[in-house]
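Quick note on numbering: the numbering used here labels position 76 of the sequence shown as 388, and the sequence is numbered without any gaps.
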Amino acid sequence: MRVIPKGELLLAPNLRRIEMPVTQLAPMERCRAGWFTALLLMINFVGDGWSGRPIGVAHQLFLLPFTAGFLVLLWRFLCGSERETAWWSTVRALRLVLFFEILAGLLFLYECHHFAPLGYRLHPFAVLAVFIPLLILLTVLMTKPRAQGGLIFGVVLAAYVAGVLLAITSFPLNYLRSDMLPVIQWADTNLLHHLSPYATMYVGDRIYNFPYLPGMLVAFFPFVAAHLDIRFGSIAYVVGSAVLVFWAAKVERRREVAALLGLFLLCPFLQYRHELYLQPHWFTLVAIFVLMQRRHFAWAAFVFGVSMAIYQFSWILFPFFLLNAFRRRGWLESAKLTAVAALGALAVAGPFLESATRRIANNTVGQWGLMPHAEAMPINLSYWVTYLVRPDKLLRLQAVLMIALFLYCVIRKGCETLEDTLRWSILALTVFILFNVLVDGYFYLMLLVPMLLYTCVANGWWREAEGSYDRPDAIATNKSAPGH
Numbered sequence: 313m314r315v316i317p318k319g320e321l322l323l324a325p326n327l328r329r330i331e332m333p334v335t336q337l338a339p340m341e342r343c344r345a346g347w348f349t350a351l352l353l354m355i356n357f358v359g360d361g362w363s364g365r366p367i368g369v370a371h372q373l374f375l376l377p378f379t380a381g382f383l384v385l386l387w388r389f390l391c392g393s394e395r396e397t398a399w400w401s402t403v404r405a406l407r408l409v410l411f412f413e414i415l416a417g418l419l420f421l422y423e424c425h426h427f428a429p430l431g432y433r434l435h436p437f438a439v440l441a442v443f444i445p446l447l448i449l450l451t452v453l454m455t456k457p458r459a460q461g462g463l464i465f466g467v468v469l470a471a472y473v474a475g476v477l478l479a480i481t482s483f484p485l486n487y488l489r490s491d492m493l494p495v496i497q498w499a500d501t502n503l504l505h506h507l508s509p510y511a512t513m514y515v516g517d518r519i520y521n522f523p524y525l526p527g528m529l530v531a532f533f534p535f536v537a538a539h540l541d542i543r544f545g546s547i548a549y550v551v552g553s554a555v556l557v558f559w560a561a562k563v564e565r566r567r568e569v570a571a572l573l574g575l576f577l578l579c580p581f582l583q584y585r586h587e588l589y590l591q592p593h594w595f596t597l598v599a600i601f602v603l604m605q606r607r608h609f610a611w612a613a614f615v616f617g618v619s620m621a622i623y624q625f626s627w628i629l630f631p632f633f634l635l636n637a638f639r640r641r642g643w644l645e646s647a648k649l650t651a652v653a654a655l656g657a658l659a660v661a662g663p664f665l666e667s668a669t670r671r672i673a674n675n676t677v678g679q680w681g682l683m684p685h686a687e688a689m690p691i692n693l694s695y696w697v698t699y700l701v702r703p704d705k706l707l708r709l710q711a712v713l714m715i716a717l718f719l720y721c722v723i724r725k726g727c728e729t730l731e732d733t734l735r736w737s738i739l740a741l742t743v744f745i746l747f748n749v750l751v752d753g754y755f756y757l758m759l760l761v762p763m764l765l766y767t768c769v770a771n772g773w774w775r776e777a778e779g780s781y782d783r784p785d786a787i788a789t790n791k792s793a794p795g796h
């Protein structure tokens, strides 16, 4: 009987062999994944800026070292070299995931105590039933260096879903803790009753105007119409995003991609902020870049249009998407994709524009301009800038910075590849967030999404589509990135 060498699969009935080489990670791959992990740890540590601390100048001075550290880590992540220490590995990432899950359990206990007046009740048996099996499974995976990527991904995804389901059953949505999802639910309920979702809403002693773009209404509407907890929508969009990222991975790199997903999905800050509303936006971002990787650029443009109707941060990324189109096929390609994106945006936002255009503009852009300083508790630069520039003028400063960064990208011949497009997109989004009049900690969770995609693409962990992505004259190592 012939012994099948390790790394080969024997397929019946014709005994064909498929080679499945398992190669070691290159030093740059480890470095890039390591810097992503370091950024994730920084974002989780700062979180929302440690609510409960004294606010004002003292708090902002305390934040400055973390802001500086974040910028250094970001520069290393986007422009690092192979000479740096490559400490990252799948096993070490899984150890960190296990630690994250333990912290998540402790945070659930903290939430139950801290928000008890809001109806938070956590049954001890429910906690044990959820966390004990997951901790055991993660421990087993950690001790098996050759665990399959699909198994790691399945355990990680199950852990995320189980955590949110526990939050749904134990922690009711309450606008006194966070009004983001409740406002969406109220607006969608108005829509169900044929009322304007942008009508003023009176809840208790508060007055609300729906502050989000129409796409956010559309994204959560099916779950409100089905009378489900709106967080089921969050689960659906996160699961969809994770499945797309994992599906795009090369077979021999699924372990690494699953480990990266585990770091993001099970990080304590994300599990603690189970009432976030940005998951539909995350899903569209993932879909856009997966479609670009598969060379379905027209579909990517359509989804980009939908994404721009869901959340404003996509507006920052779209020019770099169009520049990528120009680098590939010229102005005609950019114009075509612009038209397709406009169709996507109008398909979602069109029905709401005629009746609520002014309200949409005020709620999504103009409502934060009357504050004395930027409302920025986590990592930011905007608080200090508003000593020189009034908060209602920050948007103009952001526009100038975005135009300058885009022109610099054009001069450097950037965005020729998907990797470079993601690199410039991350840089632009970071600058925009740092100077925003309102900076919330969850903005940085959203920033981790393109960072995770960039890690996969730059490391070559995603499968290539048929044909080369680059133009024939594009060089293999992109020199347009800042710092090169």
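Every residue, glycine too, gets a C-beta built ideally from N, C-alpha and C. Bear in mind that the values here come from a model prediction, so they are computed numbers and not experimental data.
Scanning its chain for C-beta atoms nearer than 6 Å, with the 5 sequence neighbours on each side dropped, one finds around histidine 593 the residues Ile622 and Tyr623, in chain order. Here valine 468 really is in contact with alanine 570; their C-beta atoms are around 6 Å apart, less than 8 Å.
Contiguous alpha helix (DSSP H) elements confined to the stretch 728-767 occur at 730-746, taking only those with 4 or more residues. By the criterion of at least three beta-carbon pairs nearer than 8 Å, the stretch 456-466 is not in contact with the stretch 535-551. Close CB contacts of glycine 574 within its chain, under the 6 Å cut and outside five residues either way in sequence, are with Val409 and Val468 (chain order).
Short of 8 Å from the beta carbon of threonine 349, and not among the five residues preceding or following it, lie these beta carbons of its own chain, in chain order: Trp400, Ala405, Leu408 and Leu575.
When secondary structure is reduced to three states using DSSP, isoleucine 519 falls in the strand class. In the structure shown, tyrosine 695 adopts helical secondary structure according to DSSP, grouped into three states. Boundaries of the alpha helix (DSSP H) around glutamine 710: 706-723. For glutamate 776, the three-state secondary structure derived from DSSP is coil. When DSSP states are grouped into helix, strand and coil, methionine 620 belongs to the helix group. Note on tyrosine 695: 16 or more other CB atoms within 10 angstroms of its CB, so buried under the neighbour-count rule. If you ignore the 5 residues before and after threonine 512, its C-beta comes within less than 6 Å of the C-beta of Asn521, all in its own chain and listed in chain order. Assignment of beta-bridge partners to methionine 513 by DSSP yields Tyr520.
Pairing phenylalanine 632 with alanine 740 gives a Cβ-Cβ distance under 9 Å. Approximately 6 Å separates the beta-carbon atoms of tyrosine 589 and isoleucine 496; this is inside 8 Å, confirming the contact. When beta bridges are read from the DSSP output, alanine 474 appears opposite no residue. Here phenylalanine 389 really is in contact with arginine 344; their C-beta atoms are around 7 Å apart, less than 8 Å.
Taking C-beta separations shorter than 7 Å and ignoring five residues to either side along the sequence, the partners of leucine 430 in its chain run Asn486, Leu488 and Arg489, following chain order.
A straight line joining the alpha-carbon of serine 508 with that of aspartate 541 spans about 22 Å. Per DSSP, reduced to three states, the secondary structure at glutamate 687 is strand. Between the alpha carbons of tryptophan 774 and valine 555 lies a distance of about 13 Å. The beta carbons of histidine 435 and serine 482 sit closer together than 9 Å. Serine 393 is classed as exposed because its beta carbon has fewer than 16 other beta carbons within 10 Å across all chains shown. Per DSSP, valine 495 is one residue of the alpha helix (DSSP H) stretching across 492-504. The Cβ atoms of alanine 560 and leucine 529 do not sit closer than 9 Å to each other. Apart from sequence neighbours up to five positions away, the residues of its chain that approach phenylalanine 755 with a beta-carbon distance below 6 Å are Ile745, ordered along the chain.
Measuring C-alpha to C-alpha distances from lysine 562 to each of Gly461, Thr402 and Ala398 identifies Gly461 as the nearest. Distance from the Cα of leucine 525 is smallest, within the candidate group Ser619, Ala599, Arg567 and His505, for Ser619. Close CB contacts of asparagine 748 within its chain, under the 8 Å cut and outside five residues either way in sequence, are with Ala686, Ala688, Asn692, Ser694, Leu706, Gln710 and Phe755 (chain order). With respect to proline 580, asparagine 771 sits apart: the two C-beta atoms are not nearer than 9 Å.
The C-beta distance from leucine 446 to glutamate 413 rounds to 6 Å, short enough to fall under 8 Å.
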